[in-house]
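Take a look at the structure set out below.
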DNA sequence: ACCTGAACACCGTTCAAGT
DNA sequence: ACCTGAACACCGTTCAAGT
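Chains as they are written, first to last, in the numbering used here: chain A, 131 to 365; chain B, 131 to 365.
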């Protein structure tokens, strides 16, 4: 936890788009999606709403910029130079996004909103590029680049979002509860489903307990990677 | 387009949770996500806000119920009995969701919100079950059920959402524009990206033009299916 | 060019009161 | 048990006015 913000805030430096975005990210991290309002943002920045609107068109653009800033940071990770193999490269990018979503739970919903409402914005190319480079390096034929890259991209974002929800769910259970405890409760709920309507889900519920999320996440990536590396069946 | 709603509405039958949800879906389809407000909902249902709150806890629950209703309808499709193979079964479920998202564009964002904010709600098991049954029928070892099913689920939802965004994008371009025109404009924008930062995306941009979305969507599924059917590399 | 802050239109939700 | 509708707290956004 960071040190408490002083009651009265003097503006440290001139207002700028960057400072507004940084404040937005901090607010999202601290107070969640519903905590980001122009009222508290103006308070934190010691200014009026009009000043913010001078630098940013509206709330949507602000959310998009906050998302882009965090994603840019996340996909930039290749700790210690280039990866051993393209497969390792995909895993590194995937884990970078996985961790970013875990640290900024609002990112999951926001990423989904960006991809589905504004897929031609800056966020999609950023993720697409960092995964696609590895796909190309894997020797996938050019005609399959887009398909392979988006299959990986969609899985990574979806699975990472699911994981973030588990973190949040555990937090909601109480300060003492950990993730295993939460997954147990979900698993228990799924085992209560109607046996006629949900036979598979009931049978699979047990697998949720005690597995490592990170390991499971990477296992899913390996599924896709092995399908991408092998030639798909001719149509 | 349906016949115009008469200016003055008399309540046809008693208010019920079902009628409220149906009105919400209709409103979302017609006016989009921002069009669903309690004001216009009370107007359409010829009632007051208190009456709605008697049947529904809050707006979030209403959105969840609307999403669940449409999803239940979408995954129920197995036209003409059982599929020829489990692989065909997966494709059928996937296309059911693909079409549902195309018909109800708000579903994409809403599905993402449900999966990431409330993954233990009724929506996730519904999709998980319908895909998982096919996975089990494919002879995937039980230890891989969860991983394989969620890899497929996340890809389907992500790619379908992307497609819905393309439909919306084309619509936003103007009434005369079709999807190909819109994809051309996205492709052109991506080709303008910085060559140093986005070499892969620029090279892949051309693949976006003139491909069939449905075919591309199914190709992605085949990638995952072929990875799921083959045993993954031992860890 | 950049910022102020009161004002506006609108939203989800509540609740005392009715039937 | 179910519904009414005025009222409340709060939100994003605008804009005339300042520097």
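The beta-carbon is built from N, C-alpha and C at its ideal position, and this holds for glycine as well.
Is any beta-carbon of chain A found at less than 9 angstroms from that of residue 338/B?
-> yes
Measuring only between beta-carbons, confirm whether residue 328/B sits less than 9 angstroms from chain A.
-> Residue 328/B counts as touching chain A.
Could you give the residue range of the alpha helix (DSSP H) that holds residue 226/A?
-> 216–233
Closer than 9 angstroms to chain B by CB, residue 299/A | yes
Closest to residue 298/A by CA distance: which of 224/A, 192/A, 311/A is it?
-> 311/A
Could you tell me if residue 344/A is buried or exposed, where buried requires 16 or more neighbouring beta carbons within 10 angstroms of its beta carbon?
-> exposed
Put residue 147/B into one of helix, strand or coil per three-state DSSP.
-> helix
Beta carbon of residue 354/B nearer than 9 angstroms to that of residue 281/A | yes
Just how far apart, CA to CA, sit residue 359/B and residue 206/A?
-> Rounded to the nearest angstrom, the two C-alpha atoms are 33 angstroms apart.
Are the beta-carbon atoms belonging to residue 245/A and residue 288/B less than 9 angstroms from one another?
-> yes
When Cβ atoms are compared, which residues of the region 219–233 of chain A fall closer than 8 angstroms to chain B?
-> none
Top-ranked residue by Cα proximity to residue 341/A, from 327/A, 190/A, 317/A, 352/A = 317/A
Could you tell me the distance, in whole angstroms, from the CA atom of residue 239/B to the CA atom of residue 182/A?
-> Going from the Cα of residue 239/B to the Cα of residue 182/A covers about 27 angstroms.
Thinking C-alpha only, which one of 144/B, 336/B, 275/B, 193/B is nearest residue 314/B?
-> 336/B
Distance, residue 295/B Cα to residue 227/B Cα | 14 angstroms
Is the region 253–262 of chain A close to the region 319–338 of chain B, with three or more CB pairs under 8 angstroms?
-> yes
Of all Cβ atoms in chain B, is any one closer than 9 angstroms to the Cβ of residue 288/A?
-> yes
Express the C-alpha separation of residue 301/B and residue 352/A in angstroms, rounding to a whole number.
-> A direct Cα-Cα distance of roughly 37 angstroms separates residue 352/A from residue 301/B.
Taking just the CA atoms, how far does residue 175/A sit from residue 158/A?
-> 15 angstroms
Residues of chain B with a CB under 9 angstroms from the CB of residue 316/A: which are they?
-> Under the 9 angstroms cutoff, chain B gives 249, 250.
Answer with yes or no whether the minimum CB distance from residue 268/A to chain B is below 9 angstroms.
-> no
Spatial neighbours of residue 168/B in its chain, beta-carbon cut-off 6 angstroms, leaving aside the 5 residues before and after = 179
From the DSSP output, in three-state form, read off residue 325/B for me.
-> Residue 325/B falls in the coil class under three-state DSSP.
Within-9 angstroms CB hit, residue 352/A to chain B = yes
Grouping DSSP H, G and I as helix and E and B as strand, with all else coil, what is residue 190/B?
-> helix
Just how far apart, CA to CA, sit residue 162/B and residue 204/B?
-> 19 angstroms
Delimiting residues of the alpha helix (DSSP H) encompassing residue 170/A = 168–174
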